[in-house]
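Trainee:
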């Protein structure tokens, strides 16, 4: 039975949400699956990926073939790296501890990159808000300045009428 690791679509129209599943290659896209490995939400920025890395590695070692998008997500979460390191342990190139140490170092580096992107996005959003607020203040000040001379012009005209009436 050929097994694929692929995405199964859920969510409503225009708001996709995917499950990452191991399924028989002959089953329908949203049909029966063998095991749910995680979830992928492309609607958030950065995209949210939840993955059972050990389950994905187990399926990869048993011969499951990921689709292109699933392969990208497995790589993003480190399942392909962990599978690669497990192959090195089987061949004797690494010990289990060395492989675990490399994987944990990679995870920390990846988490730092994701946090940096999230911080950059929030910083850009705050900057855009500040610029919008400054532009709005400038428009309001221009509007007030345009309205203020009209009021001042009426007052001298009234004084002129009052002084002409007194004479």
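Residue numbers (my numbering): 678 to 844.
Glycine included, each C-beta is placed from N, C-alpha and C at the ideal position.
Since the model is a prediction, treat every value here as computed from it, not as a measurement.
1) Could you tell me the boundaries of the alpha helix (DSSP H) in which residue 749 lies?
2) Output the residue ranges of the alpha helix (DSSP H) runs that lie fully inside the stretch 753-794 and measure 4 residues or longer, sorted by chain position.
3) Rounded to whole angstroms, what's the CA-CA distance from residue 696 to residue 821? Just pull it up for me.
4) By alpha-carbon positions, which one of 756, 800, 725 and 796 ends up nearest to residue 781?
5) Tell me whether residue 820 sits in a helix, a strand or coil according to DSSP, three-state version.
6) DSSP state of residue 804, grouped into three classes?
7) Looking only at DSSP bridge pairs, what is residue 701 linked to?
8) Between which two residues does the beta strand (DSSP E) holding residue 713 run?
9) Please identify the residue among 801, 765 and 745 whose C-alpha is closest to the C-alpha of residue 779.
10) Note the first and the last residue of the continuous beta strand (DSSP E) segment covering residue 721.
11) Give the straight-line distance between the Cα atoms of residue 828 and residue 807, rounded to the nearest whole angstrom.
12) If you compare alpha carbons, which of 704, 699 and 777 is closest to residue 743?
13) At the level of alpha carbons, what is the spacing between residue 730 and residue 716?
Mentor: In this structure, then:
1) 745-754
2) 756-768
3) 55 Å
4) 756
5) helix
6) helix
7) 680
8) 712-718
9) 765
10) Counting along the chain, residue 721 falls outside any beta strand (DSSP E), and DSSP gives it neither H nor E.
11) At residue 828 the pLDDT is 46, less than 50, meaning the model places this residue with poor confidence; the figure from the coordinates comes in the next sentence. Looking at the two C-alpha atoms, the distance is approximately 32 Å.
12) 699
13) 12 Å
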